[in-house]
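Our numbering puts the last residue of the sequence shown at 325; the count rises by one with no breaks.
Every residue, glycine too, gets a C-beta built ideally from N, C-alpha and C.
Treat the numbers as computed from the prediction; the structure is a model and nothing was measured.
Input: a single structure, listed below in C-alpha cells.
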Amino acid sequence: MVITVIISVLLGLAWLWSLFAIRYFAPVPISVRTPLFLLVAGAPWIIVPTLGWTFALVVTGIVVVPVIVSWIIVKPRNDLDWAPDQERIPAVEFHGDIATIHNLRRATYRSRTDFDVEWYSHSFDLSQLRTAEYVVEPFGKLSAMAHTFVTFGFANGDYLPISIEIRRERPEQFNPVAGIYRQYEIMYVMGDERDLIGLRSNIRKDDVYIYPIRASRARVRRMLEAMLRRADRLNREPEFYNTLVNNCATNILAHLNELEGRRFPFDYRVVAPGWSDRYAYDHGLIDTDLPFEQAKPEFRINERSEFGDSDAREWSRQIRGL
Numbered sequence: 004m005v006i007t008v009i010i011s012v013l014l015g016l017a018w019l020w021s022l023f024a025i026r027y028f029a030p031v032p033i034s035v036r037t038p039l040f041l042l043v044a045g046a047p048w049i050i051v052p053t054l055g056w057t058f059a060l061v062v063t064g065i066v067v068v069p070v071i072v073s074w075i076i077v078k079p080r081n082d083l084d085w086a087p088d089q090e091r092i093p094a095v096e097f098h099g100d101i102a103t104i105h106n107l108r109r110a111t112y113r114s115r116t117d118f119d120v121e122w123y124s125h126s127f128d129l130s131q132l133r134t135a136e137y138v139v140e141p142f143g144k145l146s147a148m149a150h151t152f153v154t155f156g157f158a159n160g161d162y163l164p165i166s167i168e169i170r171r172e173r174p175e176q177f178n179p180v181a182g183i184y185r186q187y188e189i190m191y192v193m194g195d196e197r198d199l200i201g202l203r204s205n206i207r208k209d210d211v212y213i214y215p216i217r218a219s220r221a222r223v224r225r226m227l228e229a230m231l232r233r234a235d236r237l238n239r240e241p242e243f244y245n246t247l248v249n250n251c252a253t254n255i256l257a258h259l260n261e262l263e264g265r266r267f268p269f270d271y272r273v274v275a276p277g278w279s280d281r282y283a284y285d286h287g288l289i290d291t292d293l294p295f296e297q298a299k300p301e302f303r304i305n306e307r308s309e310f311g312d313s314d315a316r317e318w319s320r321q322i323r324g325l
C-alpha cells in the first residue's frame, strides 16, 4: 500500500513537471505545443478511464521522452537577439586592487519601454570598498514576490549595484513558471544607481528598500570579488536562469555564504524574496539594532528618490539621506 502511494505520488509529480515542460519548454512551435499540452493534461481523466493506466503511460511517455531528451541537450547561449537594455554582459579585469568593469549600464528612462542606453567602463579600487547593501523591490501587492540585489559603496562616493536577472530576448517578458523550464539565460547587470535603483523607484513606481549589510570590509570585498568573477564567467559559460534554484535571491545567498565563511540555511523566504529582508534580519545580516517592523520603513528610499539635477554620486547620497 505504501509503495503504491509513493509510486503514485512520483508519477503524479513526473506528470505535472512534464505537463508544464511541454507548455513552456518543448522545442516545437506553440501551435504544436498546445495540443500536446492538452493531450497530456487530459490523459488521467480521458485515456485512463477508457483505455487504462498502461496505455495512458505509453502515450504520455511518447510525448514526454523527447522533451526530456531536449532538456538534457539544450544549452544556454550568449548569441541571441537580446533586449536593448541587456545586450551586453559585464566583463571584468583585475589588476591588484583595481577591478575594471566593461559593459556597465547607464540608461536614461522616459518610461518603462522608452529609454536610451549607454554602455561604459569604469575602474574601482577595491581597497577603498566600504559598504554592501541589500536592495529589495517588492512587486505590488504580492508580498512574497520581489527582486533583490546588492549595491557596493566606495570611499570616493562611487556605488556599484549588481543585479542578477533573466537575460531577455526581444520581445520576451518574464514568466515565473516558464523560468523553471530553461526559457531564460541569467546575467549580472551592473551600472550606476540612477539606472538600476531609479528605474524601480521612479519609473516603475515600486517601493525600494536599501538595507545596510553588517559585515567587515574584508568580507564585503570577498563577496564583491566573487560576484565579479561569476559575472565575468557568464561571458564564457552562460547559464540558464531558474525561478526556484538559480534566481536573484538564491545567488545572493550563495555569495553571502562566501562573505561570512559559513552557510546560511535555505528556507522558503529565499524562494519568496519579498520576505528575504526578514530572513536577512533574523540572521543578523542587517546592520540595525531596531526591531524589524520599526527598521523597515527607515530603509525605504522612495521619498528621497526624485532625480532632479543631481549626478550619480549626488543621487546615491540623496537616497540615503546623507
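Exposure of residue i, with buried meaning 16 or more beta-carbon neighbours within 10 Å
i    : result
K168 : Note on residue identity: the sequence assigns Glu, not Lys, to residue 168. E168 comes out buried.
R197 : buried
Q186 : buried
T111 : exposed
S124 : exposed
W48  : exposed
L256 : buried
A283 : buried
T53  : exposed
I289 : buried
A135 : buried
T246 : buried
I33  : exposed
P164 : buried
V248 : exposed
Option in the options with minimal Cα separation from residue i
i    : options               : result
N260 : F97, L227, D195, Y271 : L227
A86  : Y123, T151, F177, P69 : F177
G324 : W278, S308, L19       : S308
Y214 : L41, T246, V138, M148 : V138
V153 : R224, P174, G55       : R224
C251 : I33, R266, R217, A234 : A234
W20  : E172, A181, Y191      : A181
I304 : R203, D290, D292      : R203
D209 : A44, H150, P179       : H150
L231 : N245, R113, R316, I92 : I92
G15  : L60, Q89, P32         : L60
V192 : L237, S73, L42        : L237
A158 : L132, P174, R222      : L132
W18  : I6, K299, I71         : I71
DSSP-derived helix/strand/coil call for residue i
i    : result
S166 : strand
T154 : strand
E140 : strand
L325 : coil
L132 : strand
I289 : strand
T253 : helix
P241 : coil
P215 : strand
R109 : strand
R303 : strand
V248 : coil
S114 : coil
D161 : coil
S313 : coil
D119 : strand
A283 : helix
S308 : coil
Close beta carbons around residue i, own chain, < 7 angstroms, minus the five adjacent residues each side
i    : result
D100 : D128, L129, S130
G287 : R217
R207 : R115
F40  : L22, I25, R26
F267 : L256, L259, N260, H286
Residues near residue i in its chain [Cβ-Cβ closer than 8 angstroms; skip 5 each side]
i    : result
A44  : L22
G143 : D209
CB contact check: residue i to chain D, cutoff 8 angstroms
i    : result
P300 : The structure shown contains no chain D; it holds only a single protein chain.
Other residues of its chain near residue i: CB distance less than 6 angstroms, five sequence neighbours each side excluded
i    : result
Y184 : A24, Y27, F28
P79  : E188, P241, E242, F243
L316 : Per the sequence shown, the amino acid found at residue 316 is Arg instead of Leu. The residues are G160.
Please list the segments of the beta strand (DSSP E) lying wholly inside the segment 23-106, counting only runs of 3 or more residues, in order along the chain. Unbroken beta strand (DSSP E) runs of no fewer than 3 residues, entirely contained in the segment 23-106, are found at 94-98, following chain order.
Considering only residues of the segment 176-213, which uninterrupted alpha helix (DSSP H) runs meet the minimum length of 4 residues and lie entirely inside it, listed in chain order? DSSP runs (the alpha helix (DSSP H)) wholly in the segment 176-213: 196-199.
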